[in-house]
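Worksheet: the structure to be examined is printed underneath.
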Amino acid sequence: GENVEQHPSTLSVQEGDSAVIKCTYSDSASNYFPWYKQELGKGPQLIIDIRSNVGEKKDQRIAVTLNKTAKHFSLHITETQPEDSAVYFCAASMRGNEKLTFGTGTRLTIIP
Amino acid sequence: GAGVSQSPSNKVTEKGKDVELRCDPISGHTALYWYRQSLGQGLEFLIYFQGNSAPDKSGLPSDRFSAERTGGSVSTLTIQRTQQEDSAVYLCASSLGGASGNTIYFGEGSWLTVV
């Protein structure tokens, strides 16, 4: 089955700086890669996703890049703000199967 | 409601007792998922329902765990003879279903503590 690895497990950045979180996946059949943000005591919320026919997608301060050859994808957050502090999860699913396999999460802390 | 609704939000139970956790998916969503999240850990897949198809139960950790989905809507996750290692947040999610790439929406979770 699919295996998703995520790094780093914790990340602290100064407010206003950029944050980058990286994930790798094992199954070349995977074609959908969402990123979720989870705040304390809440369920995960989708913040951005990318499909395998696209190399990059951007939504305001958030961007995701995908390298299908290397089987890795990354989340980039620019101009970080205190409200960006949360746990971020990457995930992958494959064609014909909606079930998501998640990475182990990154706890992002923005230092004011 | 507008989102995935789960109940109870918190449950404390004694070791050996059975518990039932309920999930009400977003209206019109044919796919429903249960995940488990242990303290500080990632999300572990448990079970997936898609329409009238047989559920994917490949993630259930033991035969003490079971789930049903009645009428293609509400789902109940049942844990029999609970153990302390069952303590976790149980997250339900739903999507439109049918193909990879549909957005999966999560509920707030049911926090289960087994004492």
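Protein chains in written order, with our numbering: chain A, 7 to 118; chain B, 23 to 137.
Yeah, the Cβ is synthetic: ideal placement off N, Cα and C, and Gly gets one too.
Computed from a predicted structure; not experimentally measured.
Query	Result
My guess is that Arg91 (chain B) and Phe71 (chain B) are in contact by the Cβ rule of under 8 Å, so how many angstroms apart are they, rounded?	5 Å
Do we get a CB-CB distance below 8 Å when we pair Leu114 (chain A) with the residues of chain B?	no
Mapping DSSP to helix, strand and coil, what is Pro40 (chain A)?	strand
Return yes when the Cβ of Leu52 (chain A) is within less than 8 Å of the Cβ of Thr112 (chain A), no when it is not.	no
Could you tell me the distance, in whole angstroms, from the CA atom of Tyr38 (chain A) to the CA atom of Pro88 (chain A)?	29 Å
Looking at Ile83 (chain A): is its Cβ nearer than 8 Å to the Cβ of Glu21 (chain A)?	no
Any beta carbon of chain B sitting closer than 8 Å to that of Leu17 (chain A)?	no
Do the region 32 to 42 of chain B and the region 70 to 85 of chain A make contact, defined as three or more Cβ pairs closer than 8 Å?	no
Give me the Cα-Cα distance between Met100 (chain A) and Gly109 (chain A), rounded to the nearest whole angstrom.	15 Å
If contact means a Cβ-Cβ distance below 9 Å, which residues of the region 67 to 82 of chain B contact chain A?	Phe67, Tyr70, Gln72, Asp78, Ser80 and Gly81
Along chain A, in chain order, which residues have C-beta atoms closer than 7 Å to that of Glu130 (chain B)?	Lys48 and Gly49
Near Ile56 (chain A), what residues of its chain come up, given a Cβ to Cβ distance below 7 Å and the 5 sequence neighbours on each side ignored?	Phe39, Lys63, Val70, Leu72 and Phe79
Going straight from the alpha carbon of Asn9 (chain A) to that of Tyr31 (chain A), what length do you get?	6 Å
Can you list the residues of chain A that Thr135 (chain B) reaches, using a CB-CB cut of under 8 Å?	Per Cβ cutoff of 8 Å: no residues; Thr135 (chain B) is ~14 Å from chain A at best.
Kindly indicate the opening and closing residues of the beta strand (DSSP E) around Asp3 (chain A).	The question about residue 3 (chain A) has no answer here: the residues shown for chain A are numbered 7 through 118.
Have a look at the DSSP bridge pairing and note the partners of His82 (chain A).	A:Val26 and A:Ala69
Spatial neighbours of Glu130 (chain B) within its chain, please: C-beta separation below 7 Å, excluding the five flanking residues on both sides.	Gln28 and Ser31
Would you decide whether Val137 (chain B) is buried or exposed? Buried here means 16 or more other CB atoms lie within 10 Å of its CB.	exposed
What does the alpha-carbon distance come out to for the pair Ile27 (chain A) and Tyr57 (chain B)?	23 Å
Identify the contact partners of Tyr94 (chain A) in chain B, using a Cβ-Cβ distance below 9 Å as the criterion.	Within chain B, no residue comes near Tyr94 (chain A); the closest Cβ sits about 11 Å away, beyond 9 Å.
Cβ of Ala110 (chain B) within 8 Å of Cβ of Leu82 (chain B)?	no
Count the other CB atoms within 10 Å of the CB of Lys43 (chain A); is the residue buried (16 or more) or exposed (fewer)?	buried
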